[in-house]
Structure formats: structure tokens, C-alpha cells
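Structure record follows, encoded as C-alpha cells.
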Amino acid sequence: MEESQQQCENDPDYQHLANEVLQRHGPAFTQTIEVGEWPDEIPHRELVVRDRDTDEAVGKLSFGVSSDGQADLIMPADYTEPMNKEPFTSIDDPETLPPAGELIYEIVEVVHWIIVSPYDELTEIRKVAALLEKLHQHHDYSPKTIETGLVQAAQKQGDIPVSFLRLLD
């Protein structure tokens, strides 16, 4: 009995780990704001928000994600969702990845969905937690590695490809 209680205390909290992964891959700040009617003549529907003093791009207003009359304020200005950047944009068929890579691809895909969804995705966060548990238990990714640099560790281990852009760094 005492041994099983000690084991439970040492088990990682996968729900917490899922939230950490989500925070790591999400924007630093996002908030839905009321913008009212917006002229149809503005073609891009994504506007850059600049610092008044330095003119530096600090955020962007993204239209069409939330309901009409609303926009999402996203910071930093150069934030890109995880599935829209390397190495994931260069993966044509995730089923060709090693088993751990396939699982990591699925994790990042669900994290991406949570980030772009206008709803609280509690079920999807639980799904990420279950996938992280599977990754930890069956593929020897430590909770610390998952929390601090899952994609980089997976690239080092050959579970997902190293992006071409990274080779140029």
C-alpha cells in the first residue's frame, strides 16, 4: 500500500504537462476584442499593432477567427501556430514517421487545434495529456524533456525531421 502511494506521488501530472506544452506552443498573449463594424475595403483582415514609441511590431489583430464584430489580438506579432511552421510543414505523411514521431505529430496537431479554436477545448487538453502519457511511458521521453523542448528532442532522436531552415542557423 505504501509503495503504491509513493508511486502515485512520483507519477507525472500529465494534465499539468499538457498545459505546459500548450503554453510553450501558444502565443504569449491572445485576447478577443470588440472591433465593431470593419470596412470591407480592408483586404488582408490581419493588421499589425505597433508600439507607439518605437514603431516596433508588437502584435496583430486577426479577423475571421471569432464572431463578426470581433478580432483576436495576438502577441507577439510574428507568432505562428505550431502546424504552420517547420518541421511540421515539411511532413507530407505523418504515417511515415517512427512511432514516437507519429505520436508527437498528433500531439502538436491537437495543440494547434486548441490554439486556433475559439472555444475552451477541455476534452482536447485531456487528449493531449493522454498522448503525452503514452509518449512518456512507451517512448522514454521524460516529463522534463516534454516540457522544455519536445520538438528539439524529437529531432535529435530522429523521430521527426530536422527542418532545412534549422540547418542554416
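Everything in the sequence shown is counted per the numbering used here, starting at 1457 for the first residue and increasing by one. Ideal placement from N, C-alpha and C gives every residue a C-beta, glycine not left out. Because the structure is a prediction, the values reported are computed rather than measured.
1) Classify Ala1609 as helix, strand or coil using the three-state DSSP reduction.
2) So, is Gln1463 buried or exposed, given that buried needs 16 or more other C-beta atoms within 10 angstroms?
3) Assuming contact is defined by CB atoms lying nearer than 8 Å, are Leu1529 and Ile1560 in contact in what I supplied?
4) How is Ile1429 classed by DSSP in three states: helix, strand or coil?
5) Would you check if the distance between the CB atom of Val1477 and the CB atom of Val1584 is smaller than 8 Å?
6) Would the beta-carbon of Ile1602 fall within 8 Å of that of Leu1517?
7) In angstroms, rounded to a whole number, what distance separates the CA positions of Pro1495 and Glu1537?
8) Sorted by chain position, which residues of the same chain lie with C-beta nearer than 8 Å to Gln1402's C-beta, five sequence neighbours on each side aside?
9) Whole beta strand (DSSP E) runs in the segment 1496-1563 with 3 or more residues, listed along the chain?
10) Quick check on the DSSP output: the alpha helix (DSSP H) that includes Ile1581 runs from which residue to which?
11) Tell me which residue opens and which closes the alpha helix (DSSP H) that Tyr1470 is part of.
12) Please report how far the alpha carbon of Pro1555 lies from the alpha carbon of Ile1547, in whole angstroms.
13) Taking only the alpha-carbon atoms, compute the straight-line gap between Glu1577 and Gln1613 and give it to the nearest angstrom.
14) Less than 6 Å between C-beta atoms, sequence neighbours within five positions excluded: which residues of the same chain meet that for Gln1611?
15) Ignore the nearest five residues each way along the sequence and tell me which others in Arg1582's own chain have a CB closer than 8 Å to its CB.
Well, looking at it:
1) Taking the first residue of the sequence shown as position 1, residue 1609 is located at position 153. Note: Ala1609 maps to helix in three-state DSSP.
2) Here the question's residue 1463 lines up with position 7 in the sequence shown. Note that Gln1463 has pLDDT 41, beneath the 50 cutoff, so the model's placement of it is unreliable and no number is given.
3) For the purposes of this step, residue 1529 is taken as the residue at position 73 of the sequence shown. For the purposes of this step, residue 1560 is taken as the residue at position 104 of the sequence shown. It is not a contact, given that the beta carbons lie outside the stated cut-off.
4) Because the chain here runs from 1457 to 1625, residue 1429 falls outside it and cannot be looked at.
5) The residue labelled residue 1477 in the question sits at position 21 within the sequence shown. The residue labelled residue 1584 in the question sits at position 128 within the sequence shown. Closer than 8 Å, so yes.
6) Counted from its first residue, the sequence shown places residue 1602 at position 146. Counted from its first residue, the sequence shown places residue 1517 at position 61. Not in contact: Ile1602 and Leu1517 (Cβ atoms no closer than 8 Å).
7) Taking the sequence shown and counting its residues from 1, the one referred to as residue 1495 is at position 39. Taking the sequence shown and counting its residues from 1, the one referred to as residue 1537 is at position 81. Approximately 27 Å, taken between the alpha carbons.
8) Here the chain has residues from 1457 to 1625 only, and residue 1402 is not among them.
9) 1502-1506, 1513-1519 and 1526-1531
10) Against the sequence shown, residue 1581 aligns to sequence position 125. Here the alpha helix (DSSP H) through Ile1581 covers Leu1578 to His1595.
11) Here residue 1470 corresponds to residue number 14 of the sequence shown, with the count starting at 1. First-last of the alpha helix (DSSP H) with Tyr1470: Tyr1470 to His1481.
12) By 1-based counting over the sequence shown, the position of residue 1555 is 99. By 1-based counting over the sequence shown, the position of residue 1547 is 91. Going by the C-alpha atoms only, they are around 14 Å apart.
13) For the purposes of this step, residue 1577 is taken as residue 121 along the sequence shown, with counting starting at 1. For the purposes of this step, residue 1613 is taken as residue 157 along the sequence shown, with counting starting at 1. Rounded to whole angstroms, Glu1577 to Gln1613 spans 30 Å at the Cα level.
14) Working through the sequence shown from its first residue, we reach residue 1611 at position 155. Once the five neighbours on either side are set aside, the close Cβ partners of Gln1611 are Val1618.
15) Numbered from its first residue, the sequence shown carries residue 1582 at position 126. In chain order, Gln1471 and Ala1474 place their CB closer than 8 Å to the CB of Arg1582, counting only its own chain and leaving out the 5 sequence neighbours on each side.
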